[in-house]
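Asks:
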Amino acid sequence: MTIDELTKVFDGCGIPVFDTVAPAGTALPYGVFRITDPNNSAADNKTYSKNAEGELELYTLGKDYRAMAIIENRLQDNNLPFSHDTSYLDGQKVLMELYSYGTVTGAVEPVPEV
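Position one of the sequence shown corresponds to residue 2 (our numbering), numbered consecutively onward.
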């Protein structure tokens, strides 16, 4: 799954989900996803495919089972097995539901020179 495809997993789900960072003042609940652990595969002295771990952080005021179900169903429906952990961020007074999942970002294509 490419980054563009990953972005589309969460499009239109009813919860705003952003790549890497949410704009200041975004209302809760919202999510932020990012690639956290690139683990590329090599073959024939070249990078063959870009493999990565992804995370989605869902921020809520309290336990929001509806928002959690939306995110979990999107991950399941797109064949992204996940693990889940919850943290309370005292400084922001919000819950963070952390979803970690594996994804393959695809074969490597030559990058055009600038």
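Glycine included, each C-beta is placed from N, C-alpha and C at the ideal position.
Measuring only the C-alpha atoms, how far is Ala70 from Asn46?
Replies: 43 angstroms
Asks: Please return the same chain residues whose Cβ sits closer than 8 angstroms to the Cβ of Phe11, not counting the five positions on each side in sequence.
Replies: For Phe11, where only same-chain residues beyond five positions count, the Cβ hits under 8 angstroms are Val18, Gly32, Phe34, Leu57, Ile72 and Arg75.
Asks: Between which two residues does the beta strand (DSSP E) containing Asn52 stretch?
Replies: Taken as a continuous stretch (DSSP letters only), the beta strand (DSSP E) holding Asn52 covers Lys47 to Thr61.
Asks: When we look at the beta-carbon of Thr3 and count the other beta-carbons within 10 Å, is it buried (16 or more) or exposed?
Replies: Exposed, because fewer than 16 other Cβ atoms sit within 10 Å of the Cβ of Thr3.
Asks: According to DSSP, which residues form a beta bridge with Asp86?
Replies: Leu99
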